[in-house]
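Protein sequences, first through last, are from chains W and U. Going by UniProt numbering, the first residue of the first sequence is number 1, and it counts up by one from there. Going by UniProt numbering, the first residue of the second sequence is number 1, and it counts up by one from there.
There are 2 protein chains.
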Amino acid sequence: MLFFTQCFGAVLDLIHLRFQHYKAKRVFSAAGQLVCVVNPTHSLKYAPTRCAAVQASTEQGILPPCHHHEAVHDPQLVPCMCPLFSCPWEGHLEVVVSHLRQTHRINILQGAEIVFLATDMHLPAPTDWIIMHSCLGHQFLLVLRKQEKYEGHPQFFATMMLIGTPTQADNFTYRLELNRNQRRLKWEATPRSILECVDSVISDGDCLVLNTSLAQLFSDNGSLAIGIAITTSKVHSSEAEI
Amino acid sequence: MLFFTQCFGAVLDLIHLRFQHYKAKRVFSAAGQLVCVVNPTHSLKYAPTRCAAVQASTEQGILPPCHHHEAVHDPQLVPCMCPLFSCPWEGHLEVVVSHLRQTHRINILQGAEIVFLATDMHLPAPTDWIIMHSCLGHQFLLVLRKQEKYEGHPQFFATMMLIGTPTQADNFTYRLELNRNQRRLKWEATPRSILECVDSVISDGDCLVLNTSLAQLFSDNGSLAIGIAITTSKVHSSEAEI
């Protein structure tokens, strides 16, 4: 009897380990689509210590050297301020990706269509879920932010930024799609350039906006799946508008 | 010279009259789609006088007689409270359409796909834009409401209700689509039954929600065009969810 109990315990342990393994895998494929599990990051706007640490790393020369705003006047240098956190880092557009990966540990995914699976939606605002998306020869940044625009009423804001210039961004269209519980919500727009501030895009509400109850309807077990697709064609701008 | 001046004046008058005529026409066809111009109605929640007038009309027998809530217990009688305004009217589901047309002067349109063109979006909240839509053998009610859920921050809420039971409503899917300024927003869901309260659908935010800045981006000259389509197939519920 004791043998069977021990065997049963061992099987349970194996199942638990297997579950932990799957949970730990940050990228997996489901139904032919690349699904990226994105864990939340508390906004560092209110955590000057980490910003200070980032600054210290920059000063130690671990990251590319900072370029000050005066660089705007030099056509060879593009001022590029990291749009996330209150990070004082600045650099060329070409090194933004390595900065985001190395300093902010943001994952980068390949593919024209991916699913962004944001976990722990219940966490209090402000919280960010961020991923980079490499597609059509460019890198994009998807930001999902939980923020209290109106005190006591957190909302979710999702937008896509091109790690490139506004002129380059004009050549793309991104689509964010939520689909669950007999509801479907699609947002299509031209991505903004990372040279524009993500905070202003969100404060203007020129992005996909979800209130908490709608986010709950679209989420499954505390995770929100957002389908992402990027195209180069400007189909919807040329179509006759309704 | 005086003759020419008078002729010119007459031509101007004719142009003005023609313009007024077009403006007054509430339904017209553009680009093959039926476009319905919907003027705003200030929410009567705060105007007990009109509600009292409606009540008076009902009492005078102009409208179908009221059925009190006790009718719920009789399976032959469906309690049907008008979801708009604070109208105390109640009646059978079959007479809701005539009540809405006669008392609240709400237009009814035919067609599987129509464009709802809400005018004067700048008007202060609370304001409603309402239309009935006859399609696939049923009548639907589209409600666009401007409301201040958070004081000083008006938002727009759009939803579609079936003038029928919740079981009937489950057989349909409605789509609301906004398309302008290189942005597209689509909302698809199962319509709610008119037996459920439109106020609770809106307060839950289980509908298309737009903040003021996004509504401005989608509107043209103070009018917001919402493409509406209704289908019977439950395509999106049977599809693999992302």
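Virtual Cβ for every residue (Gly too), placed ideally from N, Cα, C.
Just how far apart, CA to CA, sit residue i and residue j?
| i | j | result |
| --- | --- | --- |
| W/Asp206 | W/Val143 | 13 Å |
| W/Ser233 | W/Thr173 | 7 Å |
| U/Asp151 | W/His92 | As written in the sequence, residue 151 of chain U is Glu, which differs from the Asp given in the question. Taking the straight line from one Cα to the other gives about 42 Å. |
| W/Ala31 | W/Ile230 | Caution is warranted here: a pLDDT of 46 is assigned to W/Ala31, below 50, making its placement in the model unreliable, and the coordinate value is therefore given only provisionally. Roughly 19 Å between the two C-alpha positions. |
| W/Val37 | W/Lys149 | 26 Å |
| U/Glu90 | U/Ile108 | 20 Å |
| W/Pro124 | W/Leu217 | 18 Å |
| U/Ser98 | W/Val35 | 50 Å |
| U/Leu185 | U/Arg145 | 17 Å |
| U/Cys87 | U/His104 | 10 Å |
| W/Leu136 | W/Thr167 | 16 Å |
| W/Leu214 | W/Gly222 | 13 Å |
| W/His138 | U/Gln139 | 48 Å |
| U/Pro126 | U/Val198 | 14 Å |
| U/Asp204 | U/Ala169 | 19 Å |
| U/Leu44 | W/Ala112 | Legend: pLDDT at U/Leu44 = 49, less than 50; position of this residue unreliable, no value from coordinates given. |
Do residue i and residue j have their C-beta atoms within less than 8 Å of each other?
| i | j | result |
| --- | --- | --- |
| U/Ser134 | U/Gln102 | no |
| W/Thr165 | W/Ser200 | no |
| W/Thr119 | W/Asn39 | yes |
| W/Leu117 | W/Phe156 | no |
| W/Pro154 | W/Thr212 | yes |
| W/Gln147 | W/Ile228 | no |
| W/Ile163 | W/Val95 | no |
Can you round the beta-carbon distance between residue i and residue j to whole angstroms, since I take them to be within the 8 Å contact cut?
| i | j | result |
| --- | --- | --- |
| U/Leu176 | U/Leu224 | No, U/Leu176 and U/Leu224 are not in contact; Cβ-Cβ is about 11 Å, not under 8 Å. |
| W/Met121 | W/Leu141 | That belief does not hold up - the Cβ atoms of W/Met121 and W/Leu141 are roughly 20 Å apart, past 8 Å. |
| U/Asp220 | U/Arg180 | 7 Å |
| W/Ile130 | W/Thr41 | 7 Å |
| U/Ile106 | U/Ala158 | Their Cβ separation, rounded to whole angstroms, is 15 Å, which puts U/Ile106 and U/Ala158 out of contact at 8 Å. |
| W/Leu178 | W/Met132 | No, W/Leu178 and W/Met132 are not in contact; Cβ-Cβ is about 21 Å, not under 8 Å. |
| U/Arg183 | W/Glu188 | 7 Å |
Would you mind telling me which residues of chain U sit closer than 7 Å to residue i, beta carbon to beta carbon, in chain order?
| i | result |
| --- | --- |
| W/Trp187 | Leu185 |
| W/Leu217 | Asp206 |
Anything in chain U within Cβ reach of residue i, meaning under 9 Å, just list it in chain order.
| i | result |
| --- | --- |
| W/Thr190 | Gln182 and Arg183 |
Against residue i, what residues of chain W qualify as contacts under a CB-to-CB distance less than 7 Å, listed in chain order?
| i | result |
| --- | --- |
| U/Tyr150 | Tyr150 and His153 |
At a CB-CB cut-off below 9 Å, which residues of chain W make contact with residue i?
| i | result |
| --- | --- |
| U/Gly164 | None at all; the shortest Cβ gap to chain W is about 17 Å. |
If the cut is a Cβ gap below 8 Å, which residues of chain U does residue i touch?
| i | result |
| --- | --- |
| W/Asn211 | Gly205 and Val209 |
Less than 7 Å separating the Cβ of residue i from some heavy atom of the ligand MG?
| i | result |
| --- | --- |
| U/Glu188 | Among the components of this structure there are no ligands whatsoever, and the ligand MG is therefore not found. |
Could one say the Cβ of residue i lies closer than 8 Å to chain B's Cβ atoms, at least one of them?
| i | result |
| --- | --- |
| U/Leu214 | Of the protein chains in this structure, namely W and U, none is chain B. |
Next item on the list: Pick out the complete beta strand (DSSP E) segments inside the UniProt domain "Seven-in-absentia protein TRAF-like" (134-228) of chain U, 3 residues or longer, and give them in chain order.
Entry: 138-150, 153-162, 173-180, 183-189 and 208-211
Check: Along the chain, which unbroken stretches of the beta strand (DSSP E) at least 3 residues long are found entirely within the region 102-132 of chain U?
Finding: 108-110 and 113-118, all fully within the region 102-132 of chain U.
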